[in-house]
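The numbers in my numbering rise by one with no breaks, and the one at position 148 of the sequence shown is 201. Virtual Cβ for every residue (Gly too), placed ideally from N, Cα, C. Computed from a prediction, not measured in an experiment: that's the story for all the values here.
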Amino acid sequence: MSEAAVSRRGGVGDRRILTLAVQALGALAVEPLYVLVDTAIVGRLGTPELGGVALAASALSLVTVGANFLSYGTTEQVARRIGGGDERAAADVGIQAVFLAVLVAAVVTPVLVIGAPTMCRLLGGEGEVLQHAVTYLRISAIGVPFVLVTIAAQGFLRGHSDFASPLRILLTANAANVVLEVTMVFGLGLGVAGSAWSTVIVQVAAAAAFAVVVR
54 MSEAAVSRRG GVGDRRILTL AVQALGALAV EPLYVLVDTA IVGRLGTPEL GGVALAASAL
114 SLVTVGANFL SYGTTEQVAR RIGGGDERAA ADVGIQAVFL AVLVAAVVTP VLVIGAPTMC
174 RLLGGEGEVL QHAVTYLRIS AIGVPFVLVT IAAQGFLRGH SDFASPLRIL LTANAANVVL
234 EVTMVFGLGL GVAGSAWSTV IVQVAAAAAF AVVVR
């Protein structure tokens, strides 16, 4: 093979790697935008509301950060099986990851709902701030199963070197969240509860979109 041909192949490979890296970093950057949008919009309601959302978001972040193993572990396992030419085994890993996500959510969600007052109080919440934090956390807990399934699905797609689909879904979901949240918080006057519900609705839709893509 000529030096020019090798150079061209190397250039194509480099561009492919760069594209995948940009898509992966983009998806990682987009994920926290749910909470950023919530705090930005709720901040216009008042300081107690903003403080409550911030407290609840801190508790929720422990769940999402702790659940990252669903993505990274799945990516590695799927990629290894795809590399070995075993598509069936890779699919089995994806199914197991989703099952594990549901299992974890079945434990975490009730804990968040029941323990919301105690958790928010331990994080320093009191008075109005505590009330808003509990409201936001309890509603947001409903979205936890869908968030964990989404995390597992992202890991499966990345194992297939599909970084574009997660980025597209997450970008669309965040854009929808902005529109829905403004409508529910200000248009319908639902306040902190509206902020939480809008995010949950979008999380359900995102999980459904990932399910369609993974199939």
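CB of residue i within 8 Å of CB of residue j, strictly
| i | j | result |
| --- | --- | --- |
| Val90 | Glu234 | yes |
| Asn227 | Ser251 | no |
| Val255 | Gly247 | no |
| Thr162 | Val197 | yes |
| Ala264 | Ser193 | no |
| Val155 | Leu210 | no |
| Ala169 | Arg133 | no |
| Ala120 | Leu220 | no |
Inter-residue spacing [alpha-carbon to alpha-carbon] between residue i and residue j
| i | j | result |
| --- | --- | --- |
| Val257 | Ile222 | 12 Å |
| Val166 | Gly137 | 43 Å |
| Arg97 | Leu241 | 15 Å |
| Arg174 | Ala261 | 34 Å |
| Gly147 | Ser124 | 10 Å |
| Arg268 | Glu102 | 40 Å |
| Ala205 | Thr127 | 7 Å |
| Gly212 | Ser111 | 29 Å |
| Leu176 | Ala143 | 41 Å |
| Ile94 | Val182 | 16 Å |
| Val157 | Val118 | 13 Å |
| Ala259 | Ile195 | 14 Å |
| His185 | Leu243 | 12 Å |
| Gly104 | Gln130 | 40 Å |
| Thr203 | Val187 | 24 Å |
| Ala159 | Gly180 | 30 Å |
| Leu86 | Thr236 | 18 Å |
| Val253 | Ile135 | 33 Å |
| Phe199 | Gly99 | 29 Å |
| Leu224 | Asp145 | 28 Å |
| Leu113 | Ser214 | 28 Å |
| Ala249 | Phe122 | 25 Å |
Burial state of residue i, where buried means 16 or more other Cβ atoms lie within 10 Å
| i | result |
| --- | --- |
| Tyr189 | buried |
| Gln331 | Absent from the model: residue 331. The displayed extent of the chain is 54 to 268, so no value can be given. |
| Gln149 | exposed |
| Glu140 | exposed |
| Leu115 | exposed |
| Phe216 | buried |
| Gly178 | buried |
| Gly63 | For Gly63, the predicted model reports a pLDDT of 47, less than 50, meaning its position is unreliable; a value from the coordinates is still stated below. Flag for Gly63 reads exposed. |
| Phe152 | exposed |
| Ala82 | For Ala82, the predicted structure reports a pLDDT of 49, less than 50, and the residue's modelled location is therefore unreliable. A value from the coordinates is still provided. The residue is exposed, with fewer than 16 neighbouring Cβ atoms inside 10 Å. |
| Val232 | exposed |
| Val245 | buried |
| Val164 | exposed |
N-terminal and C-terminal residue of the alpha helix (DSSP H) that residue i is part of
| i | result |
| --- | --- |
| Leu210 | 197-212 |
| Gln88 | The identity of residue 88 in the sequence shown is Val, whereas the question assumes Gln. That run of the alpha helix (DSSP H) goes 86-95. |
| Gly247 | 244-267 |
| Val225 | Per the sequence shown, residue 225 should be read as Thr rather than Val. Per DSSP, Thr225 belongs to the alpha helix (DSSP H) from 217-235. |
| Val187 | 180-194 |
Ordered list of alpha helix (DSSP H) runs contained in the segment 117-161, each at least 4 residues: List check, alpha helix (DSSP H) in window: 122-136.
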